[in-house]
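So the structure is just underneath, and the comments pick up after that.
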Amino acid sequence: MFKLFVFIIISVICVVRAHDLEFKYHSNEELSDVLKGFAENPAGSNLRRNLYNIGLSSGRPKSNIKPSPLWVLELTAAPEGKIGVPNIKLVGNVHGTETAGREVLLHFIQYLIDEYGTNEKITWLLNNTRIHIVPSLNPDGFAVAQPNNCYGCSTCLGMGVTDQDILISSNFPDYFHANEVLEHAAETQAVMKWMKDVKFVLSGSFFGSFVVAIYPYCNKNETFTVNPTPDDDVFQHLARTYAKNHVNMYKGESCPNSKKKFVDGIVNGASWQNHDADMTDYNYIFRGCMDVRFEISCCKYPQSEELENIWNDNKNALVEYCFQANRGVTGRILDAETNDPVESNLMVVGRNMEFQNFPQTGEFWRILLPGDYTLEVKANGYYTHRQNFTVKDYGQDFPILTNLTIYLENSTISTTTTTLSTTTETTTIQPSTSVATSARTSTNRTTATDIITQKSTMKRILTKKTTIMEKENVTSIEPLQIVKQNNSGYYLAQNEALFVTILLLPRLI
């Protein structure tokens, strides 16, 4: 009887804790404690709560701020190891002085936990999705930020990271402008490694200063002109999904500090702010993850009394946005003889942007709107394969994923598409001659001359992926940079001035 009484008391305490998150700003120490409390997995629940960190922040020695863990809480009720479950990441407090997203994401975690098992929509979402939430990517900046500072100032600390105030959002590899010497902050490196380890399908990052959804591209050679991606229809859909489910964003109204208005509450990033080294562009180009940037408050650092309203404004938008990871196409690329996963480069025909599958499992995802498509799959040592498929609209209540299993047949002659894996990036070298599109047609054997890349937009993107790699395992040989391939012994030689990439056989080195 006593044991039963103790169990009931403990259960009641846990329930109260889950519903008792205050609308206030939590210090970094308090945020850690809240996340650890959320991560407690009650017996009998299908909802798994996995708390982990992706590294340490940079710290701020001049402000006596020591590095802090960059916490992530993963929520899912999908069976562990189940194939075909998309990963979403939501990242808040990217700029330390833009604080509302930090608290909104904490309340989103609480909402998902509380509603699972009773709310049909949330239950379906968590049964079919893995949601990784980073309330604060810039805990150091938050620690020194000036409270209630709405519009920022040139001398205010905390927007960026390190004592130099490096902006995380503009600290990533950039294929539009050369930035090989750019110093990547610890936070940036942590995100890059995280995205290499986890195949994210969808992402949202949270900022303050306006109320608008910003979709890529966010950079361009020219300034302040629209620069659409090959998946512009999808990105506009994602941005509109958030904006129209937000209480006010879809209205496109201007903030007190600006006369800028946004049609439907969305805007192409390059046409407005044009960020170099942009995090949103990096997600899409280098990792095949569709990321939208959400500005969720006119005030950078709103007063605590405003947080509940900001949360309520964003609650439904967050839920509907997360659902979008479960629309489009998914599947696996396998060897036709062994059924082993095959590391592949994929492209939806007509959309000039390659993306990669997850080599460990062969899984791939692409968010697409309803329609008929053709998927092209290329892998070294296999015949190129094309697969037609149809993406359907929502069912009665929930999105529908088209699921494909594609078997590649081994070719006796190597294809001219070669994948080079390094410790930091995956680079695809495409030949100057066209690769046969038939599933049963192979090309001639690769030569160094065949694979000099042409200066086209797509191949420029792929070349840039190599030039900005971290310089581990890289030997600088002027005027070429030589990178040894891990497996086959081939070398990649790159001349930035001539903008060419050549695959050299070992005997040519």
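Heads up: the sequence shown runs through residues 1066 to 1574, numbered per this note's numbering. For each residue, glycine too, the CB sits at the ideal point set by N, CA and C.
- Membership of S1268 in the beta strand (DSSP E) is indicated by the continuous run 1265-1272.
- Taking all protein chains in view, the Cβ of N1475 is surrounded by fewer than 16 other Cβ atoms within 10 Å, so the residue is classified as exposed.
- Annotated as distal: V1357 and I1471, with beta-carbon spacing of 9 Å or more.
- Annotation for Q1425: P1406 place their beta carbon closer than 8 Å to its own, counting only its chain and skipping 5 residues before and after.
- DSSP places P1126 in the helix class (H, G or I) of the three-state scheme.
- Apart from sequence neighbours up to five positions away, the residues of its chain that approach N1213 with a beta-carbon distance below 7 Å are Y1366, Q1368, ordered along the chain.
- Closest by C-alpha distance to I1361, out of F1388, E1318, V1394, is E1318.
- In the DSSP assignment, A1278 falls within the beta strand (DSSP E) that extends over 1276-1280.
- For V1328, the secondary structure class from DSSP, reduced to helix, strand or coil, is helix.
- At least 9 Å separates the beta-carbon of S1270 from that of V1384.
- Pairwise C-beta distances place the stretch 1181-1191 in contact with the stretch 1136-1146, as three or more of them are shorter than 8 Å.
- DSSP places I1361 within a strand segment (E or B) once states are collapsed to three.
- A contact is defined here as three or more CB-CB pairs under 8 Å, and the stretch 1394-1406 fails this definition with respect to the stretch 1198-1211.
- Looking from the CA of L1121, the closest CA among Y1447, D1230, M1355, A1250 belongs to A1250.
- Residues of the same chain with a CB within less than 7 Å of the CB of E1373, apart from the 5 flanking positions on each side, are F1088 in chain order.
- Residue pairing for Y1438: DSSP places it in a beta bridge opposite F1454.
- Fully enclosed alpha helix (DSSP H) runs of no fewer than 4 residues occupy 1093-1103 of the stretch 1089-1113, in order along the chain.
- Three or more pairs of CB atoms, one per stretch, sit closer than 8 Å, so the stretch 1149-1165 contacts the stretch 1221-1240.
- Within the DSSP bridge table, the entry for P1406 names L1399 as partners.
- A distance below 8 Å between beta-carbons, with the five flanking residues on each side excluded, links M1355 to the following residues of its chain, in chain order: V1266, L1267, S1268, D1296, V1299, F1300, L1303, N1348, Y1349, I1432.
- F1423 has E1428 as its beta-bridge partners, per DSSP.
- The Cβ atoms of T1395 and E1441 do not sit closer than 9 Å to each other.
- In the three-state reduction of the DSSP assignment, T1227 falls in the coil class.
- If you look at V1156, you'll find it in the beta strand (DSSP E) that goes 1152-1156.
- Following the DSSP letters along the chain, one finds E1139 in no alpha helix (DSSP H) but inside the beta strand (DSSP E) bounded by residues 1134-1141.
- Here K1380 is not bridged, per DSSP, to any residue.
- Judged by DSSP secondary structure, V1209 falls within the alpha helix (DSSP H) whose first and last residues are 1204-1209.
- Straight through space, the alpha carbons of S1201 and L1177 are spaced by roughly 18 Å.
- I1119 is the residue among P1132, V1277, M1224, I1119 whose C-alpha sits nearest the C-alpha of K1261.
- Under the DSSP assignment, L1170 falls in the alpha helix (DSSP H) whose first and last residues are 1165-1180.
- Judged by DSSP secondary structure, I1350 falls within the alpha helix (DSSP H) whose first and last residues are 1344-1352.
- S1274 counts as buried, since no fewer than 16 other beta carbons sit within 10 angstroms of its beta carbon.
- Under the DSSP assignment, V1299 falls outside any beta strand (DSSP E), being part of the alpha helix (DSSP H) whose first and last residues are 1297-1310.
- Where I1187 is concerned, the enclosing alpha helix (DSSP H) starts and stops at 1185-1192.
- With respect to Y1282, A1382 sits apart: the two C-beta atoms are not nearer than 9 Å.
- Each of P1293, C1363, I1331 was checked against the Cα of P1321, and the nearest Cα belongs to C1363.
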